[in-house]
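Visitor:
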Amino acid sequence: MKGKDNLEIAIVIGTKAELIKCVPVMLELQKKKINYWFISTGQHPLKDSAKKFGVKQPDFILSPEPKISTKFWSKINKSSLLWFFSMIFKIRKKSRKLPVKYIIYHGDTMSTAAASIGSSKLLNPRKKWKNVHLEAGLRSGSLMEPFPEEISRKISSKFSDILLAVSDLTEENLSKENKGGRKKIIKVGNTIIDSALITYNLIKKKFKKIRGDYVLINIHRHEHLKSKKKMADIVEVIGAIKTKGIWPLHDNTRFYLEKYGLMNVIEKNKNIKITPLKNYEEFIFLLANCKYIIADGGSIQEESLVFKKPCLILRNRTERQEGLASGINFMTLNVAKAKKIIEKLEKGIKIKKFKNPYGEIGVSKKIVELLQ
Numbered sequence: 457m458k459g460k461d462n463l464e465i466a467i468v469i470g471t472k473a474e475l476i477k478c479v480p481v482m483l484e485l486q487k488k489k490i491n492y493w494f495i496s497t498g499q500h501p502l503k504d505s506a507k508k509f510g511v512k513q514p515d516f517i518l519s520p521e522p523k524i525s526t527k528f529w530s531k532i533n534k535s536s537l538l539w540f541f542s543m544i545f546k547i548r549k550k551s552r553k554l555p556v557k558y559i560i561y562h563g564d565t566m567s568t569a570a571a572s573i574g575s576s577k578l579l580n581p582r583k584k585w586k587n588v589h590l591e592a593g594l595r596s597g598s599l600m601e602p603f604p605e606e607i608s609r610k611i612s613s614k615f616s617d618i619l620l621a622v623s624d625l626t627e628e629n630l631s632k633e634n635k636g637g638r639k640k641i642i643k644v645g646n647t648i649i650d651s652a653l654i655t656y657n658l659i660k661k662k663f664k665k666i667r668g669d670y671v672l673i674n675i676h677r678h679e680h681l682k683s684k685k686k687m688a689d690i691v692e693v694i695g696a697i698k699t700k701g702i703w704p705l706h707d708n709t710r711f712y713l714e715k716y717g718l719m720n721v722i723e724k725n726k727n728i729k730i731t732p733l734k735n736y737e738e739f740i741f742l743l744a745n746c747k748y749i750i751a752d753g754g755s756i757q758e759e760s761l762v763f764k765k766p767c768l769i770l771r772n773r774t775e776r777q778e779g780l781a782s783g784i785n786f787m788t789l790n791v792a793k794a795k796k797i798i799e800k801l802e803k804g805i806k807i808k809k810f811k812n813p814y815g816e817i818g819v820s821k822k823i824v825e826l827l828q
């Protein structure tokens, strides 16, 4: 069935994080009765999350979904690389069969990079569609931090026709790379604004607030998990928290903490409550009501800005550099410096008014209107 204005779209998604950020776009397409195909690469299991967010089930699943939270954990090895190259050609084959005007993919995962190459002009010289990178232009300046996301972002930008930048700085990054001006770069903002606010407004009356102050902890970066020294430093930093800490633990984080003998250290700390990994609704509720955040991830930096929650980013570099100018995002992997920041956050900091560099609610509507 043809959608409104015959605007046919395929959206390639690999991970739950990608799905969360694409949900507002998918809901907007459904609202406008615009047809789209949902292609899952199978990197993460997505069926339950799709049902929960009210978007359609995947039309195609290109590889068997894992039973646990992710297919690869923190391993970039022969198995994951073989999967990546097979996915390029599966996406290419699917792209050629669908009568699409746009093929959209989001972010910086192995699925994103595979989608950009598989739907590119390099492998489809006669293609009639445009391939679109959503959340384009984020750069940390180091291929190894974060790894392999920085590499995926560069690949995705290189092979895309349309680059939807999330901020002034990302637009500037893309303009510098766009030699010859062959690509179309448009600043739209970040869909995480819509995802986070839509989710919180839906569930704020559903969950009960936790009594008293608490710190939300979220650690899962590949380059940290692979280093016993870095994980030991992170555990030491977390030990400096005086307020109650809540740590929803990823499968892969638990695996490496146990491997390095650090899980015992955390379990002995009566101040830290380890919980199973939360779904997005529960996680956003915890984030929106916490005192401050300690994390090493990417999207959580943006979510901290949405809800104006101070965030200690345990990294040496970040691709979300504009957040550091907000006055509530702090970045270091140095133990002594991190402890000083925690001391400051424990006392409470005055949050000055700032403009979110990633936009305001309504980004997804803007993107669909742009495609139309």
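Counting in the numbering used here, the sequence shown runs without a single skipped number right up to 828 at its last residue.
Using N, Cα and C, we set each Cβ at its ideal position, and we do this for glycine too.
1. Under 7 Å Cβ to Cβ from CYS746, same chain only, skipping five residues before and after it: list those, please.
2. Within 10 Å of its beta-carbon, does GLY831 have 16 or more other beta-carbons around it, so buried, or fewer, so exposed?
3. I'd like the list of long-range same chain contacts for ILE730, defined as Cβ closer than 6 Å, with 5 residues on each side in sequence excluded.
4. Any idea what DSSP makes of GLU605, helix, strand or coil?
5. Based on Cα-Cα distance, which residue from LYS614, LEU789, MET600 and LEU620 lies nearest to ALA592?
6. Could you pull out every residue in the same chain whose Cβ sits closer than 7 Å to the Cβ of SER782, ignoring the five residues on either side in sequence?
7. Could you spell out the range, first to last residue, of the alpha helix (DSSP H) harbouring MET719?
8. Give a yes or no on whether the C-beta atoms belonging to THR568 and GLY470 are separated by under 8 Å.
9. Contact check, ILE675 vs ALA751 under 8 Å by CB: the rounded distance?
10. CB VAL691 to CB ILE722, shorter than 8 Å?
11. One question on the structure: do GLU775 and SER596 come within less than 8 Å of each other, judged by their Cβ atoms?
12. Do the segment 650-670 and the segment 626-639 touch if we need at least three Cβ pairs shorter than 8 Å?
13. Within its chain, find whatever has a CB closer than 7 Å to the CB of ASN893; leave out the 5 residues flanking it on each side and keep chain order.
14. Can you name the residues that DSSP bridges to ILE495?
15. Starting from the C-beta of SER598, find all residues in its chain whose C-beta is less than 6 Å away, skip the five residues before and the five after it, and write them out in chain order.
16. Beta carbon of PHE741, beta carbon of PHE663: below 8 Å?
17. Between ILE465 and LEU827, how many whole angstroms is the CB-CB distance? I'm expecting something under 8 Å.
18. Could you tell me the boundaries of the alpha helix (DSSP H) in which TYR712 lies?
Guide: A quick look at the data gives this:
1. TYR670, VAL671, LEU672 and LYS765
2. Outside the shown range of the chain (457 to 828) lies residue 831, about which nothing can therefore be said.
3. TRP703 and LEU705
4. helix
5. LEU620
6. LEU761 and PHE810
7. Counting along the chain, the alpha helix (DSSP H) containing MET719 begins and ends at 719-724.
8. yes
9. 7 Å
10. yes
11. Yes, these two residues count as a Cβ contact at 8 Å.
12. no
13. The displayed coordinates of the chain run from 457 to 828. Any statement about residue 893 would go beyond what the structure contains.
14. Looking at the DSSP output, ILE495 shares a beta bridge with VAL468 and PHE516.
15. ARG773
16. yes
17. So it is a contact: roughly 7 Å between Cβ atoms.
18. 707-715
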